[in-house]
Amino acid sequence: MHISDGIIDTNVCIAAGVVSIGLVYLSGRNTSVEEIPRMGMMGAALFVASLIHFPLAGTSMHLGLFGIAGIILGKRSFPPVFAALLFQSLIFQHGGLVTLGVNSINMGAGAFAGWMIWKTKFINENIRALLAGFLGIIVPMLLMILEFRVSGYGRGILYLFSVYLLLAAIEGVITLGAVRFIRRVKPGLLP
Amino acid sequence: MKHSFIDKYSDLDSPVHRLDPRIKTLTALCLILIIVSETRGELFPFLFYIPVIGVIAAVSRIPWGYIMKRCLVVAPFILLTALFYPLSGMLTSDFRSLGSYNHEYMVGISIFLKAYSALILLIVLTSTEKFHNILLGLRKLKMPKLIGIISALMYRYVFLIHDEILRTNMARDSRTTGKLKMSRLKVYGNQSAMVFVRSFERSQTLYNSMLSRGFNGEFPSMSRLSLKGKELLFAGALIMLVLAIRLANQNIQNYLFN
Amino acid sequence: MGSAVKIEKLSFSYTPDKPVLKEVSLEVKPGEKLGIIGRSGAGKSTLLLHLNGILSGSGTVSIDGTKVEKKSLYQVRKKVGLVFQNPDDQLFNPTVEEDIAFGPLNFGLSREESAARVKEALNAMNLEGLEKSVSHHLSLGERKRVALATVLAMQPEVIAFDEPFSSLDPEMVVQLINIIGGLDATLVVVSQSLLPLLSCCNRLAVISEGEIIAHGPREEVVKNDELMKRSGMDMSFYREIFRDYF
Amino acid sequence: MGSAVKIEKLSFSYTPDKPVLKEVSLEVKPGEKLGIIGRSGAGKSTLLLHLNGILSGSGTVSIDGTKVEKKSLYQVRKKVGLVFQNPDDQLFNPTVEEDIAFGPLNFGLSREESAARVKEALNAMNLEGLEKSVSHHLSLGERKRVALATVLAMQPEVIAFDEPFSSLDPEMVVQLINIIGGLDATLVVVSQSLLPLLSCCNRLAVISEGEIIAHGPREEVVKNDELMKRSGMDMSFYREIFRDYF
Ligand SMILES: Nc1ncnc2c1ncn2[C@@H]1O[C@H](COP(=O)(O)OP(=O)(O)OP(=O)(O)O)[C@@H](O)[C@H]1O
Ligand SMILES: Nc1ncnc2c1ncn2[C@@H]1O[C@H](COP(=O)(O)OP(=O)(O)OP(=O)(O)O)[C@@H](O)[C@H]1O
Ligand SMILES: [Mg+2]
Ligand SMILES: [Mg+2]
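Chains as they are written, first to last, in my numbering: chain W, 15 to 205; chain A, 26 to 283; chain C, 9 to 254; chain L, 9 to 254.
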């Protein structure tokens with residue numbers, strides 16, 4: 015899910031870098047002191063989740079949790095996603111430095127998608143949770159396909175990404191479980 | 026509780042270690058940018074980039090075995106994407122003779138080389154500096170303030186989560202037989218969710234204690250970063266060298282091959 | 009003489025259905041050492057968090073005449089130091105030194121002044137030589153003292169302690185009592201350990217289900233058996249054990 | 009009669025440079041109630057974690073004649089219940105009921121049997137009616153009792169407690185002492201609170217810097233002033249306070 019340096023077109027990376035800084039400001043505008051620990055904690059949770067690998071469809075995958083980030087943080091999800099990816103890049107080189115912008119736009123979009131679904135209050139909460147988790151992976155995947163295509167990869171790259179469908183399904187179920195747990199134990203966390 | 030998964034070789038001493046974290050980060054970023062923006066399919070300049078990177082890594086005294094081990098974590102993904110550059114065309118277009126994919130192969134290889142060069146530079150950067158110093162450097166380099174605060178908190182919170190995991194693991198293990206006899210998904214699920222909830226609560230308390238000591242968004246620090254002219258010169262020279270390789274590439278090739 | 013802390017009709021609840029503090033009024037004179045006791049869950053920690061505006065309910069809290077409110081937070085937090093029960097909640101910088109300097113630097117002191125404060129606080133806590141240590145590698149007793157040092161370095165007028173004695177061995181408790189006894193700030197100490205509390209506080213307040221049900225000189229409060237029983241503080245059980253063994 | 013717990017020459021260190029337990033030998037007879045005291049950082053919690061194989065150092069630990077090793081973990085953990093200092097570490101299921109049933113289910117009991125165990129444990133801890141509550145929402149005293157119930161439900165022969173009395177108010181401490189006194193398992197209790205410990209244990213062991221420096225009937229150990237002083241347990245400081253007030 016994380017694009018390393020050198021894989022896709024540099025111009026795309028630079029443009030995305032600039033846009034992502036803009037998004038950090040937009041998403042973090044007028045943040046109040048009460049919101050900060052939540053954002054930091056969510057960033058840490060995203061980072062820790064990425065440390066836990068499990069085998070899936072022949073490769074090693076890890077959870078993204080972008081759907082949950084979107085549910086809990088709403089419009090504030092972008093800065094924590096950005097910070098978590100910065101950590102991943104610096105600590106174990108998951109995703110590059112130049113591609114930080116691209117990666118955070120991709121995964122931030124996943125979180126925003128989760129938020130959008132979560133806001134649609136007329137749908138049953140369980141379904142919303144399931145969808146949020148699912149889209150949290152699918153949306154970044156779609157963006158990645160786009161970026162690879164722009165960078166000259168053929169359509170065959172679709173095969174490479176199909177494994178994420180499986181991951182997205184798993185994330186959906188996990189997000190559902192997490193939301194149900196939080197609803198029982200600490201409902202204050204869910205907006 | 027002791028945590029050793031970061032900062033492992035940051036206590037060694039070498040010219041790379043001694044560089045100011047700001048300069049080090051900026052230099053790494055510049056070098057990576059120059060190399061990854063190299064024209065696709067160009068393999069020749071890597072004859073020069075690779076030795077330069079090798080020298081930097083050697084000077085840093087980070088053991089090669091360690092660098093390779095860290096490379097391995099992301100290696101499959103890089104290899105796969107590099108491989109897919111030529112492959113992704115073949116898989117979907119009509120059959121062409123394999124020979125006509127020559128350029129695609131070259132691009133695939135250059136993607137592979139770029140990615141690895143960047144990876145090794147990044148590894149050298151992050152293993153020669155304490156992680157919190159890199160964050161401090163980034164803050165001084167005017168990264169967005171919010172990201173500065175969040176990442177400083179994250180640094181502490183990651184340990185907090187780690188602690189919670191270790192402790193609940195012990196408590197869980199002491200009521201099991203070494204193996205779980207119930208649905209593992211359910212047990213691990215509940216445990217992780219509880220760790221998540223408790224960490225959120227503790228993070229609030231921790232933040233309250235910061236507020237109590239006057240925290241207002243700025244992270245004051247006792248350690249003063251000091252820029253030395255020598256370091257600036259060294260970093261500048263390094264960037265110029267790589268840039269020169271990049272720019273001179275075409276001329277050298279013309280000279281050599283015509 | 010004014011009061012160091014003055015709380016008037018303070019009410020607070022975390023969740024709408026359950027009031028945690030109910031019209032609490034309490035006054036602490038400068039230099040006084042006040043102990044607060046009460047059952048677990050009575051609202052003691054919640055009360056402390058109001059002293060420097062971390063929480064704010066209805067009613068007023070004033071520190072040295074300054075009302076605690078949004079716009080006075082900076083001054084108030086300079087005057088009130090809060091020591092949390094769990095030192096791990098208080099130590100978040102990479103080194104002991106930076107942790108202790110965090111407060112002074114935040115309040116605008118220069119690096120040199122802060123360094124002096126750090127030195128002083130380390131001395132007062134017998135922690136010389138640990139400047140560069142990583143806080144979370146220290147023992148519990150050391151971490152508790154570092155946490156106190158982080159607050160001392162701010163030279164607050166009022167220090168509020170939450171459960172300073174819990175999980176410490178008797179020797180460390182005595183050490184801490186001596187340290188606390190030597191401070192010349194106004195003190196508010198919350199603790200379930202009645203013996204250490206009695207030896208460092210001259211006045212006591214009893215809180216029960218969010219209400220202050222007694223407040224006065226320690227002798228008066230502690231010897232009121234009915235009151236102590238009612239607030240879960242009955243020590244008579246220990247009388248025989250103590251007689252027998254000590 | 010064999011021994012419930014037999015530790016022989018147990019040594020352990022977390023980091024190569026610093027031994028935490030040094031050739032510890034200790035024997036606990038069935039039905040005995042042993043208190044372990046010692047300075048903070050002496051190695052008490054570390055010792056407890058060896059009783060059911062969470063940690064394993066050099067030397068041997070046997071429970072009721074079974075050596076604690078990888079292949080005997082199943083039997084050992086069935087026999088030894090560990091109650092951690094912080095109940096929150098132990099409670100991670102959404103409801104009290106599920107938390108208590110966790111151990112029995114893991115040891116292969118059927119749902120019916122587990123449900124019976126849950127009921128029994130709740131009764132013993134005065135927790136009836138809380139089956140469906142979310143553990144996380146209970147008060148500290150209740151959570152401590154639930155944590156104990158999760159262990160009781162496994163019907164262990166040996167129960168090891170880490171700091172059961174810390175952060176509890178005196179009333180709750182007395183409650184817990186009564187509960188502990190009524191258990192008929194072999195008990196090993198680690199605590200810094202000497203008075204409660206004395207009232208529920210008839211034997212005491214003193215650990216200092218990873219070594220057992222004394223072990224015997226409580227009177228003998230406690231009245232050895234020199235020993236108590238050496239291990240940071242000196243209570244003489246409190247004598248006057250206690251005389252004056254209680
Ligand atoms: N963050 C919170 N959210 C919701 N309720 C809370 C929160 N913190 C405390 N409470 C509740 O408020 C009440 C008072 O809690 P508080 O921590 O002030 O008690 P305390 O007197 O300090 O107890 P203890 O001696 O156990 O520390 C308790 O019923 C507790 O469950
Ligand atoms: N996970 C760990 N990693 C490294 N060192 C540890 C770890 N846990 C404990 N220690 C160290 O081992 C020693 C003994 O710790 P232990 O927790 O057993 O002490 P204790 O007697 O239970 O103290 P306390 O009364 O404070 O609980 C201490 O010096 C502690 O710093
Ligand atoms: Mg409290
Ligand atoms: Mg311990």
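Just so you know, even glycine gets a beta-carbon here, dropped at the ideal spot from N, CA and C. In this text, all values refer to a predicted model and were calculated from it rather than measured experimentally.
Which same chain residues, not among the five before or five after residue i, have their C-beta less than 7 Å away from its C-beta?
i	result
Leu-2 of chain W	There is simply no residue 2 of chain W to check, as chain W begins at 15 and stops at 205 in what is shown.
Going by DSSP, what residues sit across from residue i in a beta bridge?
i	result
Val-153 of chain W	Note: Val-153 of chain W sits in no beta bridge, so no partner.
Ala-168 of chain L	L:Leu-90, L:Val-196
Lys-14 of chain C	C:Glu-35, C:Ser-70
Tyr-26 of chain L	The residue you asked about is not Tyr; residue 26 of chain L is Lys in the sequence shown. DSSP output for Lys-26 of chain L lists L:Thr-23 as bridge partner(s).
Phe-68 of chain W	W:Met-75
Val-142 of chain L	L:Thr-103
Lys-75 of chain C	C:Ser-70
Taking the continuous beta strand (DSSP E) assigned at residue i, which residues delimit it?
i	result
Gly-46 of chain C	Element bounds for Gly-46 of chain C: n/a, residue is neither H nor E.
Gly-65 of chain C	Note, Gly-65 of chain C: premise wrong, no beta strand (DSSP E); not H, not E.
Val-214 of chain C	211-216
Glu-219 of chain C	219-225
Pro-76 of chain A	Not the beta strand (DSSP E): Pro-76 of chain A falls in the alpha helix (DSSP H), residues 71-84.
Answer with yes or no whether the minimum CB distance from residue i to chain A is below 8 Å.
i	result
Lys-86 of chain C	yes
Leu-184 of chain L	no
Ile-62 of chain L	yes
Leu-57 of chain L	yes
Gln-98 of chain L	yes
Met-162 of chain C	yes
Give a yes or no on whether the minimum CB-CB distance between residue i and chain W is below 8 Å.
i	result
Val-142 of chain L	yes
Gln-229 of chain A	yes
Pro-102 of chain L	yes
Arg-95 of chain A	yes
Asn-274 of chain A	no
For residue i, report the span of its alpha helix (DSSP H) as first-last.
i	result
His-76 of chain W	Premise fails: His-76 of chain W lies in the beta strand (DSSP E), 73-76, not in any alpha helix (DSSP H).
Val-47 of chain W	That residue, Val-47 of chain W, is in no alpha helix (DSSP H); it is neither H nor E in DSSP.
Phe-184 of chain A	170-198
Ser-228 of chain A	209-237
Glu-150 of chain L	148-160
Gln-107 of chain W	Careful: Gln-107 of chain W lies outside any alpha helix (DSSP H) and carries neither H nor E.
Does the CB of residue i have a neighbour CB from chain C at under 8 Å?
i	result
Asp-242 of chain L	yes
Report all residues from its chain with a CB closer than 8 Å to the CB of residue i; omit the five preceding and five following residues, and keep chain order.
i	result
Glu-40 of chain C	Ala-12, Thr-194, Leu-195, Asn-210, Arg-211
His-28 of chain A	Since pLDDT at His-28 of chain A reaches only 48, below the 50 mark, its modelled position is unreliable, and the value read off the structure follows with that caveat. Closer than 8 Å at Cβ, skipping near neighbours: Phe-184, His-187.
Val-166 of chain L	Ala-12, Val-13, Val-36, Leu-59, Ile-71, Asp-72, Lys-87, Val-88, Gly-89, Ala-193, Thr-194, Leu-195, Val-196
Arg-151 of chain L	Pro-95, Asp-96, Leu-99, Ser-143
Checking contacts by CB at 8 Å: is residue i closer than that to chain L?
i	result
Met-133 of chain C	no
Pro-172 of chain C	no
Might you give, ordered along the chain, the residues of its own chain that have their beta carbon closer than 6 Å to the beta carbon of residue i, omitting 5 neighbours on each side?
i	result
Asp-107 of chain L	Leu-99, Asn-101, Ser-143, Thr-158
Arg-164 of chain A	Gly-173
Ser-199 of chain C	Glu-171, Phe-173, Leu-205
Leu-63 of chain C	Leu-57
Thr-103 of chain C	Lys-140
Can we say the region 94-105 of chain C touches the region 138-148 of chain C, given the rule of at least three CB pairs closer than 8 Å?
yes
Contact between the region 133-150 of chain W and the region 100-114 of chain W: three or more CB pairs below 8 Å?
In short, these stretches do not touch, since the Cβ pair count stays below three.
Indicate whether the contact test is met: 3 or more Cβ pairs, each with one atom in the region 174-182 of chain C and one in the region 232-244 of chain L, closer than 8 Å.
Counting Cβ pairs under 8 Å, three or more are found: they touch.
Is there contact here, the region 123-132 of chain C with the region 255-270 of chain A, by at least three beta-carbon pairs under 8 Å?
Touching, no.
Quick one, what's near ligand 6 if you take every residue whose CB is closer than 5 Å to any heavy atom, in chain order?
For ligand 6, the structure offers nothing, since it holds only ligand 1, ligand 2, ligand 3 and ligand 4.
Pair every Cβ in the region 10-29 of chain L with every Cβ in the region 53-69 of chain L, then say whether three or more of these pairs are closer than 8 Å.
yes
Inspect the CB distances between the region 90-97 of chain W and the region 43-57 of chain W and report whether three or more fall short of 8 Å.
yes
Between the region 135-145 of chain A and the region 90-106 of chain A, are three or more C-beta pairs nearer than 8 Å?
In this structure the region 135-145 of chain A touches the region 90-106 of chain A; the number of beta carbon pairs closer than 8 Å is three or more.
Tell me, please, whether the region 238-248 of chain A touches the region 206-220 of chain A by the rule of three or more beta-carbon pairs shorter than 8 Å.
A contact between stretches requires three or more CB pairs, one per stretch, nearer than 8 Å, and the region 238-248 of chain A fails this requirement with the region 206-220 of chain A.
Using 8 Å as the threshold, is the region 75-86 of chain W in touch with the region 189-204 of chain A, meaning 3 or more CB pairs across them?
Contact fails: fewer than three Cβ-Cβ distances are below 8 Å.
Check whether the region 269-282 of chain A and the region 64-82 of chain A touch, using three or more Cβ-Cβ pairs below 8 Å as the test.
The answer is yes - the region 64-82 of chain A touches the region 269-282 of chain A, with three or more Cβ pairs under 8 Å.
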